[in-house]
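Engineer: The structure under discussion is supplied below as structure tokens; questions concerning it will follow.
Residue numbers (the working numbering), protein chains in the order written: chain A, 41 to 376; chain B, 67 to 392.
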């Protein structure tokens, strides 16, 4: 039995400009202790997927049109608010991209850290404070006992993200959702933070859903990857498979447009055009207009995510039919 | 090839004041602290470093958007730090800048035509009849449909806006372009389109470029040479491939090893050097080599004196006393 099972999730936004199908029929499951990556470009629905699970979609304009998210015997999408509150920040917690905007600038770090303990664990204040100091030490903040009384602006970007991680993990959640946690940080600090999340995950046995647009981070960090495009999962497999044998043209071309995989002087591979307008209810594969392999069938038939090799699913109709096979345009060697 | 741009011991300090009535200077942020650099015509120099190391200050000081405290910026034999503001305005058409955020750097109330026409006019007055043709030509150069010149920036996507920003930088026919993180705000698939465009334009127009980025793989791909900055100083300078593949300075090593590679098998094998802590404050930099508190190879001598950027191998420079030993 999987820890979290999401089925047929559809989250739409009803705006004046039309209905935006931000997440359109997404299903996945997360095992205990696993690290699952969700990769995609901006607007592909990676964050909305996770916000939907945690009940963080503003309604209106957002609405969860269909789907289930089974977690510990309850459906997070339809359960009463009170029940969801006992899960939020306790059994499933989240770290956001920008630690400055997700920490309250008016509250001392200590007050923000003990809040989950006071709310969920009904702990006394002094006991909670001791635990908060210990949790700051665990994320590598030295001199935690005195620095806990500072305000967020008195910490650097990397330190703030450490505070966020300490806060997210303080009640030992079963799932940690990390939404681009290192995007606003320098590479050297990113390396520190990724190492820290990995370490804490090992200590606590937490499962991690890691949202990112950086394929490099995915390669170094995730066990399993879902590639999203235009609100749908187009390919999912274990990390090695995603990179070694891409089975969806979008995933293949995304990998080939990274400068890291290119010889100097050789022009970069580019994906022509732009992602589709999600307010239009189009037929066929959303990637078809930009795809070099697209045929007539791609514009007519709606693709579904199907298994084409053990543990490897793709939503490419032509790949499923065996009409196209090796999607790597040429052999490229990874260097920095 | 001749020297096109020369920076000699360039320094930019931002003073820190205290008090209101008895205002006095209590210190300075040494954003640039002695940068020496020479650029040849047609060269693309990549500039990398962590946030706050002075990359953008260097760009802005070369552009003279921020006056330098000491040293000099010499472009084709003319010293910018000593000429009048009026003379500088005339010179400015020769060097242009592309900024990171194409949402903030374009005037939302000007159409693409207005933006580009104004930029073209800075070099020479052109009759109203000829302008639309010039604008159309520029738009075609950067890969935008010329029939969209009457549109406003909000009608374009991020990648297209960055193309408009590039077209604007090219409009006065400059010789030097400074691109400050031009692809950081873009998605991977759009980023590669813009990088290809920049590479093509530099080649065809023989532009000299300083390309600033925190993404080492992007910089390695696009530039001829890479300069690595740390706390307002250059710590390494050399040919792009060499600097990334065989870094000399310990800081460059750490920086390169921190970049995740999109290949899980490579990732599993590699050893990462994880630096401790954050870069120190440029207000109060450490004595000696400014990197020594975070350097895994630091010895007593590193704390005593500040190493200069010296040639260690042909065409390769590093500011570290232990290059040969480690």
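The C-beta atom is built at its ideal place from N, Cα and C for all residues, glycine as well.
Does the beta carbon of residue 371 of chain B sit closer than 8 Å to a beta carbon anywhere in chain A?
Structural biologist: no
Engineer: Do residue 309 of chain B and the ligand NAD come close, with the Cβ less than 7 Å from some heavy atom?
Structural biologist: The model on display carries no ligand, and the ligand NAD is accordingly not part of it.
Engineer: Look at the Cβ atom of residue 327 of chain A, then the Cβ atom of residue 264 of chain A, and state whether they are nearer than 8 Å.
Structural biologist: no
Engineer: For residue 196 of chain A and chain B, any beta-carbon pair shorter than 8 Å?
Structural biologist: Chain B contact via Cβ: present.
Engineer: Residue 342 of chain B and residue 360 of chain B look like a contact to me (Cβ under 8 Å); what is the Cβ gap, rounded to whole Å?
Structural biologist: 6 Å
Engineer: Which residue from A:248, A:333, A:228 puts its Cα closest to that of residue 117 of chain B?
Structural biologist: A:228
Engineer: Can you list, in chain order, the stretches of the beta strand (DSSP E) that have 3 or more residues and sit fully within the stretch 70-137 of chain B?
Structural biologist: As summarised for the stretch 70-137 of chain B, the continuous beta strand (DSSP E) elements at least 3 residues long and confined to that stretch are 90-106, 110-114, given in chain order.
Engineer: Going along chain A in order, which residues have a C-beta closer than 7 Å to the C-beta of residue 330 of chain B?
Structural biologist: 259, 279, 280, 283
Engineer: Quick check on the DSSP output: what are the complete beta strand (DSSP E) runs of length 3 or more inside the stretch 280-357 of chain A, in order along the chain?
Structural biologist: The stretch 280-357 of chain A contains these whole beta strand (DSSP E) runs: 346-349, 352-354.
Engineer: Give me the Cβ distance between residue 355 of chain A and residue 345 of chain A, rounded to the nearest whole Å; I'm assuming they're in contact under 8 Å.
Structural biologist: The C-beta distance from residue 355 of chain A to residue 345 of chain A rounds to 5 Å, short enough to meet the 8 Å contact threshold.
Engineer: Return no unless some Cβ of chain A is closer than 8 Å to the Cβ of residue 307 of chain B.
Structural biologist: Answer yes: the Cβ-Cβ gap between residue 307 of chain B and chain A drops below 8 Å somewhere.
Engineer: Pull up the CB-CB distance for residue 246 of chain B and residue 278 of chain B, whole angstroms please, since I reckon it's below 8 Å.
Structural biologist: 5 Å
Engineer: Using three-state DSSP, classify residue 289 of chain B as helix, strand or coil.
Structural biologist: Coil.
Engineer: Counting along the chain, where does the alpha helix (DSSP H) carrying residue 93 of chain A start and finish?
Structural biologist: Residues 86-93.
Engineer: Enumerated in chain order, which unbroken segments of the alpha helix (DSSP H) with a length of 4 residues or greater are wholly contained in the stretch 218-256 of chain A?
Structural biologist: 227-244
Engineer: I need the straight-line Cα distance from residue 358 of chain A to residue 287 of chain A, nearest angstrom please.
Structural biologist: 10 Å
Engineer: Going by C-alpha to C-alpha distance, which of B:217, B:205, B:156 sits closest to residue 188 of chain B?
Structural biologist: B:156
Engineer: Are there 16 or more other CB atoms within 10 angstroms of the CB of residue 290 of chain A, so buried, or fewer, so exposed?
Structural biologist: buried
Engineer: Report yes or no: is there a C-beta of chain A within less than 8 Å of the C-beta of residue 394 of chain B?
Structural biologist: Residue coverage of chain B in this structure runs from 67 to 392, which leaves residue 394 of chain B outside it and unanswerable.
Engineer: For residue 162 of chain B, list the residues DSSP reports as bridge partners.
Structural biologist: B:243
Engineer: Where does residue 374 of chain A land, buried or exposed, given buried means 16+ other C-beta within 10 angstroms?
Structural biologist: Reliability of the predicted coordinates at residue 374 of chain A is poor, the pLDDT of 44 falling under 50, and the value obtained from them is presented with this limitation in mind. That one is buried.
Engineer: Say whether the stretch 291-298 of chain B touches the stretch 262-271 of chain B, bearing in mind that this needs 3 or more beta-carbon pairs closer than 8 Å, one atom from each stretch.
Structural biologist: Output reads no: the stretch 262-271 of chain B does not touch the stretch 291-298 of chain B.
Engineer: Identify which residue in B:181, B:254, B:212, B:220 has its Cα closest to the Cα of residue 231 of chain B.
Structural biologist: B:181
Engineer: So is residue 327 of chain A in contact with chain B if we call contact Cβ pairs under 8 Å?
Structural biologist: no
Engineer: Would you please verify whether the beta carbon of residue 111 of chain B is less than 8 Å from any beta carbon of chain A?
Structural biologist: No, because no Cβ of chain A sits closer than 8 Å to the Cβ of residue 111 of chain B.
Engineer: Which of the three DSSP states is assigned to residue 248 of chain B in this structure?
Structural biologist: coil
Engineer: In whole angstroms, what separates the C-alpha of residue 308 of chain A from that of residue 252 of chain B?
Structural biologist: 15 Å
Engineer: Buried or exposed: residue 83 of chain B, going by 16 or more other Cβ atoms within 10 Å of its Cβ?
Structural biologist: exposed
Engineer: Could you tell me the boundaries of the beta strand (DSSP E) in which residue 197 of chain A lies?
Structural biologist: Element bounds for residue 197 of chain A: not the beta strand (DSSP E) but the alpha helix (DSSP H), 197-209.
Engineer: Could you pull the DSSP bridge partners for residue 275 of chain B from this structure?
Structural biologist: B:110, B:243
Engineer: Using a Cβ cut-off of 9 Å, pull out every chain A residue sitting near residue 338 of chain B, in sequence order please.
Structural biologist: 231, 235, 260
Engineer: Let me know the secondary structure DSSP gives residue 186 of chain B once reduced to three states.
Structural biologist: helix
Engineer: Can you tell me whether residue 48 of chain A is helix, strand or coil according to DSSP?
Structural biologist: Taken through DSSP and simplified to helix, strand or coil, residue 48 of chain A comes out as strand.
Engineer: So what's residue 147 of chain B in DSSP terms, helix, strand or just coil?
Structural biologist: helix
Engineer: Nearest-angstrom Cα distance between residue 170 of chain B and residue 176 of chain B?
Structural biologist: 13 Å
Engineer: Run down chain B in chain order and give the residues with a C-beta less than 8 Å from the C-beta of residue 82 of chain A.
Structural biologist: 253
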